[in-house]
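Following this note's numbering, the numbering of the sequence shown begins with 19 at its first residue and continues without gaps.
Below is one structure; the comments refer to it alone.
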Amino acid sequence: MTGPEMRRPGRRRAIALGAGLLLGARAARAIPAANVAPPSYRPEQGARLRVLRPAKFIDPDEAIFNANSRRFTEQTGIEVRVDYVNWPDMPVQVAVAYNTGQGADVIIGFGADPHLYADKVTEMTDLATYLGAKYGGWYELAQVYGRKYRSDTWLGLPMGGSSSPVVYRRSWMQEAGFAAMPNDLGEFLKLCQGLKRIGHPAGFALSHAPGDAPAYANWLLWSHGAALVDEEGKVTLDSPATARALDYARALQETLVPGTMAWNGASNNRAFVAGEIGLTQNGVSIYFSAKTAKDAAQNAVAADTDHADMPHGSSAKAPSTALTLNAMVPRYTRYPQAAKEYIRFMMEAEQYDPWLSGCLGYWSQPLKAYAESAVWSSDSKLAVYRTGMDTPFYEGFHGPISAAAGAVVENWVVVDMFARVVTGQQAPAESMREAQRAARRWYRG
């Protein structure tokens, strides 16, 4: 899942909260930490904090986050109110807060948000430096979203990322003639052809399905060595590499289950659990909703489900990114010291690891020490999610994070470029030029 993925009531089913809390309670002891003095924040007298963050998709996310916030209140006396907002409403809520200069004291938005409001956020360099020194350093994606472009100044504090690897039925992959998930694009196409042949096709969205469609479109682009922009922010969609990606998408579309062009954010989850598809791209939620369901048929689906990187193609690393939670302290808050202390508290092992573990792989850590969390050894099928933020890829890769990159995503420029080709509406060259023109309008602005 890349980009702000919308809240999907049918998609993120409740996950065994008790088991998650128990795992989280055991896990904190395993986290290696250096002996580093924390920043000496002095919370303001009478401080009360309001926290704004995206709503849960799995029950432990909210339950453990709330429990940690209550613990902060118990230890500091600072009252904390956490407001959870549906994912599609978050960008508007964040914009209103920054543009009116009033609202939450801590805003946990999505990856690019601190960069969009760079002149309205409190610098986080001191906190990021401390946490990085204590917990083994920051993963690459956390640095991209946390730091100002080509600078050591931190604008936000990344808290976790949700990635989208391959989710597949192991027995059907084997029936299609493959002993393991291929990492080569040509072999992956053959696998999808084989799955279609045995009646269990793959399914990927190139509709306006939030999260899923951008993740798939970006993978198509990046796995062929193409990108939206270069390091200076010049649009580079009109390229031979993009043409190769479009040709591959057209070939892959022929193997997919019918109807993907009308999919919404929940469609691939429903299709996978129902046995209508044997392979898709998604977060961990499909697996755990089936695994923890009180239904033998869904439990059987979970037993046959596994995960792997999307094929790398020309990339040295998995060509995918992670939807990232990014904490900010707005300059308008009356309680910046209390707000920073709250974020520090939530990122310490005693609080963070139970939350990470309770989320059962839905969020992956931004700090390298948390790769030692017990959650990652609790189930071998979670392994691919462990390094979700260990990636150089992000929305707007290779260029600076900007409002233009966000606008391209919000206006479905890359997704629609692929959709026009796979549906036969336009030839690759024509669709590529149209996408180039559309992206330039935003980058010029």
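C-beta: ideal position from N, C-alpha, C; glycine also.
DSSP state of S189, grouped into three classes?
As a first step, residue 189 is located in the sequence shown; it is residue number 171 there, counting from the start. Of the three classes helix, strand and coil, the one that applies to S189 here is helix, per DSSP.
Range covered by the alpha helix (DSSP H) that runs through T143:
Taking the sequence shown and counting its residues from 1, the one referred to as residue 143 is at position 125. Here the alpha helix (DSSP H) through T143 covers 143 to 152.
Meets three-Cβ-pair contact criterion under 8 Å: the stretch 366 to 381 and the stretch 193 to 210
With a cut-off of 8 Å, the stretch 193 to 210 and the stretch 366 to 381 do not count as touching, because too few Cβ pairs lie within range.
Are there 16 or more other CB atoms within 10 angstroms of the CB of S332, so buried, or fewer, so exposed?
Along the sequence shown, read from residue 1 onward, the residue named residue 332 stands at position 314. That one is exposed.
Quick check on this structure: which residue in V110, V114, T94, D77 has the alpha carbon closest to the alpha carbon of Y350?
The sequence position of residue 350 within the sequence shown is 332, counting from 1. Closest option to Y350, Cα to Cα, is V114.
Do the stretch 233 to 248 and the stretch 256 to 269 touch if we need at least three Cβ pairs shorter than 8 Å?
Inter-segment contact for the stretch 233 to 248 and the stretch 256 to 269 is present: three or more beta-carbon pairs are separated by less than 8 Å.
Could you give the distance in angstroms between the alpha-carbon of P132 and the alpha-carbon of A308?
Counting from 1 along the sequence shown, the entry for residue 132 is found at position 114. Counting from 1 along the sequence shown, the entry for residue 308 is found at position 290. A straight line joining the alpha-carbon of P132 with that of A308 spans about 36 Å.
Contact check, L159 vs P219, beta carbons under 8 Å
Working through the sequence shown from its first residue, we reach residue 159 at position 141. Working through the sequence shown from its first residue, we reach residue 219 at position 201. For L159 and P219, no; Cβs fall outside 8 Å.
Got a sec, what are the start and stop residues for the beta strand (DSSP E) P72 sits in?
Residue numbering aside, residue 72 sits at position 54 when the sequence shown is read from its first letter. In the DSSP annotation of this structure, the continuous segment of the beta strand (DSSP E) that includes P72 starts and ends at 66 to 72.
Could you check if E413 is buried or exposed, using at least 16 other CB atoms within 10 Å of its CB as the buried criterion?
Here the question's residue 413 lines up with position 395 in the sequence shown. By the C-beta density criterion, E413 is buried, having at least 16 other C-beta atoms within 10 angstroms.
From the DSSP output, read off the bridge partner residues of N344.
In the sequence shown, residue 344 corresponds to position 326, counting from 1. Answer by DSSP bridge pairing, in chain order: G127, P176.
Which listed residue (V433, A437, A422, P418) has its alpha carbon closest to that of R168
Mapped onto the sequence shown, residue 168 falls at position 150. Nearest of V433, A437, A422, P418 to R168, Cα basis: P418.
If you check the beta carbons only, do S11 and G251 fall under 8 Å apart?
An answer regarding residue 11 cannot be provided, because it is not within the stretch 19 to 463 covered by the chain.
Write down the C-beta distance between P183 and G164 rounded to the nearest angstrom, noting that I regard them as a contact closer than 8 Å.
In the sequence shown, counting from the first residue as 1, residue 183 sits at position 165. In the sequence shown, counting from the first residue as 1, residue 164 sits at position 146. Actually they are not in contact, since the Cβ atoms of P183 and G164 sit about 23 Å apart, beyond 8 Å.
Could you pull out every unbroken beta strand (DSSP E) segment of at least 3 residues lying fully inside the stretch 203 to 229, listed in chain order?
The qualifying runs do not exist here; there are none.
N- and C-terminal bounds of the beta strand (DSSP E) containing A318
Along the sequence shown, read from residue 1 onward, the residue named residue 318 stands at position 300. A318 -> not in any beta strand (DSSP E); alpha helix (DSSP H) instead, spanning 314 to 322.
Could you give the distance in angstroms between the alpha-carbon of D79 and the alpha-carbon of E272?
Here the question's residue 79 lines up with position 61 in the sequence shown. Here the question's residue 272 lines up with position 254 in the sequence shown. Rounded to the nearest whole angstrom, the C-alpha separation of D79 and E272 is 38 Å.
For R455, count the other beta carbons within 10 Å of its own beta carbon; 16 or more makes it buried, fewer makes it exposed. Which is it?
Reading the sequence shown from its first residue, position 437 is the one you call residue 455. Under this definition R455 is an exposed residue.
Quick one: what's got a C-beta closer than 7 Å to L35's C-beta in the same chain, skipping five residues either side?
Stepping through the sequence shown from its first residue, residue 35 is reached at position 17. Any reading at L35 is ruled out, since the residue's pLDDT is 42, under 50, leaving its predicted position unreliable.
Helix, strand or coil, according to DSSP, for G28 in the structure here?
Locating residue 28 in the sequence shown gives position 10, where the first residue counts as 1. The pLDDT assigned to G28 is 35, lower than 50, so where the model puts this residue is not dependable, and the model offers no usable value.
Leaving out the 5 sequence neighbours to the left and right, which residues in its chain are closer than 7 Å to Y157 when beta-carbon positions are compared?
Taking the sequence shown and counting its residues from 1, one reaches residue 157 at position 139. Once the five neighbours on either side are set aside, the close Cβ partners of Y157 are P384, K386, M407, D408.
How should L39 be labelled, buried or exposed, when 16 other C-beta atoms within 10 angstroms of its C-beta is the threshold for buried?
By 1-based counting over the sequence shown, the position of residue 39 is 21. Bear in mind that a pLDDT of 44 at L39, under 50, signals an unreliable position, so the model cannot answer this.
Should P372 be labelled buried (16 or more other beta-carbon atoms within 10 Å of its own) or exposed?
The residue you call residue 372 lines up with position 354 of the sequence shown. Classified as buried, P372 has 16 or more neighbouring CB atoms from the shown chains inside 10 Å of its CB.
Tell me, which residues are paired with S307 by DSSP?
Taking the first residue of the sequence shown as 1, we reach residue 307 at position 289. Bridge partners of S307: none, in fact.
From D434, W460, A389, M142, pick the residue whose C-alpha is nearest to that of G424; which is it?
Residue mapping note: residue 424 aligns to position 406 of the sequence shown, counting from 1. The residue with the shortest Cα to Cα distance from G424 is W460.
Coil, strand or helix - S182 by DSSP:
Within the sequence shown, the letter at position 164 stands for residue 182. The answer is coil: DSSP assigns S182 none of H, G, I, E or B.
Which of helix, strand or coil does DSSP assign to W460?
To locate residue 460, count along the sequence shown from 1; it is residue 442. Looking at W460 - three-state DSSP - the assignment turns out to be helix.
Under the three-state DSSP convention, the category Q299 falls into
In the sequence shown, the residue the question calls residue 299 occupies position 281. In this structure, Q299 counts as strand in the three-state DSSP scheme.
If we ignore side chains and look at the alpha-carbon of each, how far apart do A292 and R187 end up?
Indexing the sequence shown from 1 puts residue 292 at position 274. Indexing the sequence shown from 1 puts residue 187 at position 169. Taking the CA atoms as reference points, A292 sits about 12 Å from R187.
Leaving aside the five residues before and after E359 along the sequence, list all residues of the same chain whose C-beta is less than 6 Å from its C-beta, in chain order.
Looking up residue 359 in the sequence shown gives position 341. Taken in chain order, the residues that qualify are Y59, P61.
For M365 and V302, the rounded distance between their alpha carbons
The residue given as residue 302 occupies position 284 in the sequence shown. The residue given as residue 365 occupies position 347 in the sequence shown. Pairing V302 with M365, the inter-Cα distance amounts to about 22 Å.
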